[in-house]
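Report on one structure; see the data block that follows.
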Amino acid sequence: MTLPWYQEPSTDEGQILSSRVRLARNVKKYPFKFKLDAAGAAVLVSETTAAVTTGQNYFHRLDIHSLGQTEQKVFLEKHIVSPEFLKDSLPKGLLISESENISVMVNEEDHIRIQAVEPGKNLAAAYKMAELIDDLIEESVEFAFHMEYGYLTACPTNTGTGLRASYMIHLPCLDKSDLIKTLLPHIAKFGITLRGIYGEGTAPMGSIYQISNQNTLGKSEEDIITGLQSVTENVITQEQQALEKLLASRREYLEDRIYRAYGILTNSRMISAKEAMDLLSDIRLGFLTDILQKPKPSKQIYQIMMEIQPGHLQRRAGEEMTDEERDSARAKHLRELF
Amino acid sequence: MLCVKCQKNPATVHIQQFMLNGVKTELHLCQECTFKLDNPEMLISFENVFKGFLEQMKIFPVGAGGVNMMTRPDAPCSRCGMTYNQFKAAGKLGCDTCYQSFSKEVQALLKNVQGSIRHEGKYPKRLGAGIFNKRQADDLRAQLKKAIEEENFEEAAKFRDEIRALELAEPCDKNPEVAQ
Chain A
-10 MTLPWYQEPS
0 TDEGQILSSR
10 VRLARNVKKY
20 PFKFKLDAAG
30 AAVLVSETTA
40 AVTTGQNYFH
50 RLDIHSLGQT
60 EQKVFLEKHI
70 VSPEFLKDSL
80 PKGLLISESE
90 NISVMVNEED
100 HIRIQAVEPG
110 KNLAAAYKMA
120 ELIDDLIEES
130 VEFAFHMEYG
140 YLTACPTNTG
150 TGLRASYMIH
160 LPCLDKSDLI
170 KTLLPHIAKF
180 GITLRGIYGE
190 GTAPMGSIYQ
200 ISNQNTLGKS
210 EEDIITGLQS
220 VTENVITQEQ
230 QALEKLLASR
240 REYLEDRIYR
250 AYGILTNSRM
260 ISAKEAMDLL
270 SDIRLGFLTD
280 ILQKPKPSKQ
290 IYQIMMEIQP
300 GHLQRRAGEE
310 MTDEERDSAR
320 AKHLRELF
Chain B
1354 MLCVKCQKNP
1364 ATVHIQQFML
1374 NGVKTELHLC
1384 QECTFKLDNP
1394 EMLISFENVF
1404 KGFLEQMKIF
1414 PVGAGGVNMM
1424 TRPDAPCSRC
1434 GMTYNQFKAA
1444 GKLGCDTCYQ
1454 SFSKEVQALL
1464 KNVQGSIRHE
1474 GKYPKRLGAG
1484 IFNKRQADDL
1494 RAQLKKAIEE
1504 ENFEEAAKFR
1514 DEIRALELAE
1524 PCDKNPEVAQ
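Same order as they appear, the protein sequences are chains A and B. Heads up: the first sequence is residues -10 to 327, going by our numbering. Heads up: the second sequence is residues 1354 to 1533, going by our numbering.
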């Protein structure tokens, strides 16, 4: 049995938790999703599924519409599907590899969205996997492609390579000191953007950010990835400098914050997702800096961060829960882990 | 400041997004509204900013000397029937042919949103090597023209030979359908 990628220790080894790549593709013979009817969408699902699964059973096939709301939420929280994917009632296809590191969504905003994720810092490996799936599908499907513009997508913001590369990064010191805001305009100059853990339009939780390329056209895949890498390295240097400054001038404050976080997580009886995420962020920093001299939990912090989200908690409980019930289940789960 | 969504709780989450074209958007929310993942569309997104850009284009057409070059708003795409107005409202195109049907607008958009109109990345393998040769030949032709203008005939002859070699190697219009 292959372990899910987020159980790998490398998600907890530095500022970068994971590396993710997404490729957007459309099939030439069908109109884009906006103009696609249910019958066309259904054929597209079966054709794409056949193209991906040809000659192997590496992927699990799922019908997202037949899953309950809780299961759908779990997939959202794991970043396997996007909110856009769950929006409408068109037939959808979802293929997931056993370790959940590769997934293919059919009939998201574009016909095909290929996703690959690697623990820690390894964008090149993630891209390589996504590209393999891309080539595999292309063997039996003709993509919408333009000589000048490259791969054509429903939204011109994805045209060209259709590539969105991103790192999930932990920036506790920049976040707490509000330095993060001053960083945004600088990285925007390089066509790079920073979002909260749950993507476009969501606020950051637990000082976890997604850093990704904004532009998909005019640069090769390799250049996009290298560009993102170098901007990210810069951001991480800033984070490390902020940490060093804090360690040099206010070490006791930092120790206090980390041990308080540990105290609350190991003792609270009710806790919201937001509070738990922020405390887990402090704990993660505590382990990274060796300030926190306590046994490490049996799971990676990033995995715990996912497990305390509403969908995951609800699935664990096996029933619908009120907000208060969830807060108490969350506190209990965290006490058991730490 | 109150949350712009519920107008009840104080706004504690401030989201800013900076775009390449200098557009900055801000949103002020309370924590409760921010974490309502079930309704992500209520929050600001890149897409909304992009739609705002489409609106801007209407007021300031991106043409030389301010010449209005917009497609008729009700003219449909020859393949899927999408109109420019629909595209503007949805922020999404209806099919691959829309890129041609609204070519001027799409090109202006790509230039502004993406900062480029020339794909430099991967090609579908089924297009074959011919596509690389055509691209390369185009580049060489531009260099040839420049060399002639600069009266650098030695260089020009070199470019001319290279173009010939490419043209002989493989016909360029193997896929006239995908070629513009």
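Glycine residues also receive a C-beta, built at the ideal position from the N, C-alpha and C atoms. Since this is a predicted model, take the numbers as computed values, not measurements.
Q | Classification of A:M328 by the beta-carbon crowding that lies within 10 angstroms, buried from 16 upward | A | Past the edges of chain A, shown from -10 to 327, lies residue 328 of chain A, and the structure says nothing about it.
Q) For the region 130 to 155 of chain A, which residues have a CB atom closer than 9 angstroms to at least one CB atom of chain B, in sequence order? A) Per Cβ criterion, the list reads E131, F132, A133, F134, H135, M136, E137, Y138, G139, Y140, L141, T142, A143, C144, P145, T146, T148, G149, T150, G151 and L152.
Q | Any chain B beta carbon closer than 8 angstroms to A:R9 | A | Cβ-Cβ to chain B under 8 angstroms: no for A:R9.
(Q) Please classify A:E222 as buried or exposed, where buried requires at least 16 neighbouring CB atoms within 10 angstroms. (A) Counting C-beta atoms within 10 angstroms of its own C-beta, A:E222 has fewer than 16 neighbours from the protein chains shown and is therefore classed as exposed.
Q: Please list the residues of the region 1439 to 1465 of chain B that have a C-beta atom closer than 7 angstroms to any C-beta atom in chain A, keeping them in chain order.
A: Correct list: A1443, G1444, K1445, L1446, G1447, C1448, D1449, Y1452, V1459, L1462 and L1463.
Q: With 8 angstroms as the threshold, decide whether the Cβ of A:F64 is near any Cβ in chain B.
A: Chain B, which has no Cβ nearer than 8 angstroms to the Cβ of A:F64, makes this no.
Q. Is any beta-carbon of chain A found at less than 8 angstroms from that of B:M1435?
A. Taking 8 angstroms as the CB threshold, B:M1435 lines the interface with chain A.
Q | Selected residue, minimal CA-CA separation from A:L232, among A:K165, A:A133 and A:A119 | A | Per the Cα distances, A:K165.
Q) List, in order along the chain, the chain C residues whose C-beta lies closer than 7 angstroms to that of B:P1477? A) Absence of chain C from the displayed structure is noted, the protein chains being A and B.
Q) What's the call for A:G207, buried or exposed, on a 16-neighbour Cβ count within 10 Å? A) By the Cβ neighbour-count rule, A:G207 is buried, with 16 or more other Cβ atoms within 10 Å of its own.
Q: Enumerate in chain order the residues of its own chain whose CB-to-CB distance from A:A318 is below 8 angstroms, with the five nearest sequence positions on each side excluded.
A: So the list reads L302, R305, A306 and M310, once near-sequence residues are dropped.
Q.
According to DSSP, A:R319 sits in a beta bridge with which residue or residues?
A. A:R319 pairs with nothing; no bridge assigned.
Q: Have a look at the DSSP bridge pairing and note the partners of A:L49.
A: Sequence check: residue 49 of chain A is His here, not Leu. BP columns for A:H49 point to A:I85.
Q) Is the region 136 to 154 of chain A touching the region 1491 to 1503 of chain B, taking contact as three or more C-beta pairs under 8 angstroms? A) Counting Cβ pairs under 8 angstroms, fewer than three are found: no touch.
Q) Count the other CB atoms within 10 Å of the CB of B:E1502; is the residue buried (16 or more) or exposed (fewer)? A) That one is exposed.
Q. How close, in whole Å, do the beta carbons of A:E89 and A:P(-2) come, if the pair is a contact with beta carbons under 8 angstroms?
A. A:E89 to A:P(-2), Cβ: 17 angstroms. No contact.
Q. Can you tell me the Cα-Cα spacing of A:E98 and A:L183, whole angstroms?
A. In this structure, the alpha-carbon of A:E98 lies about 21 angstroms from that of A:L183.
Q: Closer than 6 angstroms by C-beta to A:D271: which residues in its own chain qualify, once you throw out the five before and the five after it? Chain order, please.
A: In its chain, beyond the 5 residues on either side, R246, I247 and A250 have a beta carbon closer than 6 angstroms to the beta carbon of A:D271.
Q) Do you know offhand how far A:A28's Cα is from A:S92's? A) Rounded to the nearest angstrom, the two C-alpha atoms are 23 angstroms apart.
Q: May I ask you to list the residues that DSSP assigns as paired with A:V10?
A: According to DSSP, which records beta bridges pairwise, A:V10 is partnered with A:A105 and A:A154.
**Q.** Near-chain B residues of the region 193 to 210 of chain A - C-beta to any C-beta below 8 angstroms
**A.** The region 193 to 210 of chain A vs chain B, Cβ under 8 angstroms: M194, Q203, N204, T205, L206, G207, K208, S209 and E210.
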